[in-house]
Amino acid sequence: MRPNRQVHFSSTNTLYTFVTQTPEATPLLTAKRPLVNDSPKATKAPREKSRVYAAKDNHDFQRHSRRLSLDSQLDQRRSTFLHFLLAPSTDPHIIYDVSLPPETLACRYPSSLLAEPATSPAVPVLVIESPNCPWPITVIPSSSPSPLLLAYGAVVTVWDVLSAIHDALRPPVTLEEYHALPSLEATQRVNLAYSKRCKRIQGLEARMEEGLRGVRRVDFLGDATRFMGLATHTSAGHVWKLVVSA
1 MRPNRQVHFS
11 STNTLYTFVT
21 QTPEATPLLT
31 AKRPLVNDSP
41 KATKAPREKS
51 RVYAAKDNHD
61 FQRHSRRLSL
71 DSQLDQRRST
81 FLHFLLAPST
91 DPHIIYDVSL
101 PPETLACRYP
111 SSLLAEPATS
121 PAVPVLVIES
131 PNCPWPITVI
141 PSSSPSPLLL
151 AYGAVVTVWD
161 VLSAIHDALR
171 PPVTLEEYHA
181 LPSLEATQRV
191 NLAYSKRCKR
201 IQGLEARMEE
211 GLRGVRRVDF
221 LGDATRFMGL
231 ATHTSAGHVW
241 KLVVSA
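Reading the sequence shown from the start, the letters are residues 1 to 246 in the UniProt record's numbering.
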């Protein structure tokens, strides 16, 4: 008889909030009317048009300011390049299943390259997002950088990226997060990924223990757990998109 399976969830939930700053409104400026007193009979000078920034002008100014800020951030992002090991490819240089610890990966190049900065120029933090996972992945430098990085300071390495992806996808999801799946098809995809992941675990006891821990964030990726690299993201700043495949 086929045993009944139950899906378990964590009792905690994490909420991420993004705050967008709005540029301050431009103060209203009004030209003063000049007085002319150099004639025997004081006469009024022609009235100068009042230069008032109306609501429409202020809106245009704010929109232009936001556009300049966005252009500046995009220019900064365009000048940041990924390490070639992390570049998106149909034949990636790193063979890695993100559902497994990064120690299981295989690299086509010397493993010493994993200790190099993830970007050029090097950055102290970067963020990774995935279309199927609503949890942004924040990558920070490891607590014990290699001697190679002492000249750079605390910067994100290739290994930091791979390790952060795995760590961020390990937590179990809550009941609220599970019910927030957009469709029945998405729910079935997650359930199937959860079942397959548990079946791959060696040993009956270990398999049962993992099953009791419930659905994890990595299950939201479905079968697409093969790391294919990082791609540029439409968001500003050092934000990248996780590219995975089945």
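Beta carbons are placed, not taken as given, at the ideal position from N, Cα and C, and that holds for glycine.
- Bridge partners of residue 133, per DSSP? In the DSSP assignment, the residues bridged to residue 133 are 130.
- Task: Look up residue 102 in the DSSP assignment and say whether it is helix, strand or coil.
- Result: helix
- Task: Would you please state the rounded distance, in angstroms, between the beta carbons of residue 126 and residue 85? I believe it to be under 8 Å.
- Result: The Cβ separation is near 15 Å, so there is no contact.
- Query: Exposed or buried, what is residue 111 when buried is set at 16 or more other beta-carbons lying within 10 Å of its beta-carbon?
  - Reply: The residue is exposed, with fewer than 16 neighbouring Cβ atoms inside 10 Å.
- Using a threshold of 8 Å, state whether the C-beta atoms of residue 182 and residue 216 are closer than that. no
- Output the boundary residues of the beta strand (DSSP E) element that contains residue 211. Not the beta strand (DSSP E): residue 211 falls in the alpha helix (DSSP H), residues 204–213.
- Find the nearest neighbour of residue 228 within the set 80, 121 and 94, judged by alpha-carbon distance. 94
- Task: May I have the straight-line CA-CA distance separating residue 211 from residue 201, to the nearest angstrom?
- Result: 10 Å
- Task: List the DSSP bridge partners of residue 256.
- Result: This structure leaves residue 256 out entirely; the chain is present only between 1 and 246.
- Item | Chain-order list of residues whose beta-carbon lies under 7 Å from that of residue 239 (same chain, five-residue window excluded) | In the same chain as residue 239, and ignoring 5 residues on each side of it, the C-beta atoms closer than 7 Å to its own belong to 127, 129 and 233, in chain order.
- Task: Would you tell me roughly how many angstroms separate the C-alpha atoms of residue 22 and residue 92, rounded to the nearest one?
- Result: Any reading at residue 22 must be qualified, since the residue scores a pLDDT of 38, below 50, and its modelled position is unreliable; no value is offered.
- Query: On the three-state DSSP scale, how would you describe residue 243?
  - Reply: strand
- Taking all protein chains shown into account, do 16 or more other C-beta atoms lie within 10 angstroms of the C-beta of residue 140, making it buried, or fewer, making it exposed? Residue 140 should be labelled exposed.
- Look at the Cβ atom of residue 230, then the Cβ atom of residue 221, and state whether they are nearer than 8 Å. Judged by beta-carbon spacing, residue 221 lies beyond the 8 Å limit of residue 230, meaning their Cβ atoms are not closer than that value.
- Query: Just checking my contact of residue 96 with residue 102 at CB under 8 Å: how many whole Å lie between their CB atoms?
  - Reply: 7 Å
- Message: Is it the case that the segment 158–167 contacts the segment 116–123, given that we only count it when at least three CB pairs across the two stretches are under 8 Å?
- Response: yes
- In chain order, what residues of the same chain have a beta carbon less than 6 Å from the beta carbon of residue 249, not counting five sequence neighbours either side? The requested residue 249 does not occur in the structure, where the chain is confined to residues 1 to 246.
- With burial defined as no fewer than 16 other Cβ atoms inside 10 Å of the residue's Cβ, what is the status of residue 108: buried or exposed? exposed
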